[in-house]
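Residue numbers (the UniProt record's numbering): 1 to 234.
Only one structure is covered here, and it is reproduced in the block below.
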Amino acid sequence: MAALTKLLLRDLRPSKLLQLKAFATYVEKELEVPTFCDVHIDLPYSVTVKPLNIHKYHNLDKLIIKVDERCENSLQHDVVGNQVKIDETVDIEEKDVMCYVKAPVKANLYINSKKDINVGYFQGDKLYATSQEGDVYVDRFQGNSVNVITGNGNIRLNEFVQAANISAYVQENGSITTGRNARTELDLETNQGDINVNQPIPMKATLNCKWQPRTTECSQVMQDFYTRRKHKSG
1 MAALTKLLLR DLRPSKLLQL KAFATYVEKE LEVPTFCDVH IDLPYSVTVK PLNIHKYHNL
61 DKLIIKVDER CENSLQHDVV GNQVKIDETV DIEEKDVMCY VKAPVKANLY INSKKDINVG
121 YFQGDKLYAT SQEGDVYVDR FQGNSVNVIT GNGNIRLNEF VQAANISAYV QENGSITTGR
181 NARTELDLET NQGDINVNQP IPMKATLNCK WQPRTTECSQ VMQDFYTRRK HKSG
């Protein structure tokens, strides 16, 4: 049991995002997955997603889930082909609960959370991160598209986020901050808050401090998320 209580805290950046209580106990589950896979995570609590250690997992064919023991029996996961799904059967109310996932570095990520999201160091094609009422932190991603949404919270796109299209939306109250990133198109919108871009703005850029719903894949992701949450809570 002692081995199960050790979470790799060195892999987490020091920040207010996803700070773990020292007395929390975590259980680990290991899944066999394709190297190139789509990972769908839909959880009501905070989520951290980092890549597998390539020196330890040479084939990059594993996915490791570390979750608070209070959620051990309600967390469910499934692997069908290249589709990996992780979700909850109940809506956890405790604020300090979190899940820590390690996935293949080339995975496409679709992350839905009610709380904070911390993700980075991936080289998949797509990253979608949607939070209902938490902060979203993205660091060191290389792919085609990065799409981040939060209903009420801050968004931080840290250094070395490289993608053809980068978009970040805050629906209610929150600020958006970006480090020095490489991208062709940049779309940042918040209803109430600041937008800070630490680099020259590309030719195709939208910086808007008044969020408005639009018919985009990102908007549909957010709508699907709220629909699932309403169905689970009802």
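Heads up, the beta-carbon is just placed ideally off N, CA and C, and yes, glycines get one too.
Residue 139 sits away from residue 124, with the two beta carbons spaced by 8 Å or more. Annotation: the continuous beta strand (DSSP E) that includes residue 172 extends over 161-173. According to DSSP, residue 62 shares a beta bridge with 32. Spatial neighbours of residue 209 in its own chain (CB-CB distance under 6 Å, excluding positions within 5 residues in sequence) are listed in chain order as 190.
Residue environment for residue 32: exposed (fewer than 16 other C-beta atoms within 10 angstroms of its C-beta). Under the criterion of beta carbons closer than 8 Å, residue 98 and residue 45 qualify as touching, at roughly 6 Å. Residue 50 places its beta carbon less than 8 Å from that of residue 102. Looking at the DSSP output, residue 40 bridges to 85, 110. Here the alpha carbons of residue 161 and residue 62 stand approximately 24 Å from one another.
When C-alpha distances from residue 75 are compared across 87, 64, 176, 81, the shortest belongs to 87. Secondary structure at residue 209: coil, using DSSP grouped into helix, strand and coil. With contacts defined by Cβ atoms closer than 8 Å, residue 206 and residue 194 do not form a contacting pair.
A Cβ-Cβ contact shorter than 8 Å links residue 175 with residue 154. Cα atoms of residue 53 and residue 107: separation of roughly 14 Å, rounded to the nearest angstrom. Separation of residue 60 and residue 34 (C-alpha to C-alpha, rounded to the nearest whole angstrom) is 8 Å. When DSSP states are grouped into helix, strand and coil, residue 133 belongs to the coil group. Per DSSP, reduced to three states, the secondary structure at residue 70 is helical. Excluding sequence positions up to five before and after residue 68, its CB lies within less than 7 Å of the CB of 24, 26, 97, 98, all in the same chain and listed in chain order. DSSP, read as helix, strand or coil, puts residue 55 in coil. Ranked by Cα distance from residue 113, the first of 127, 132, 95 is 132.
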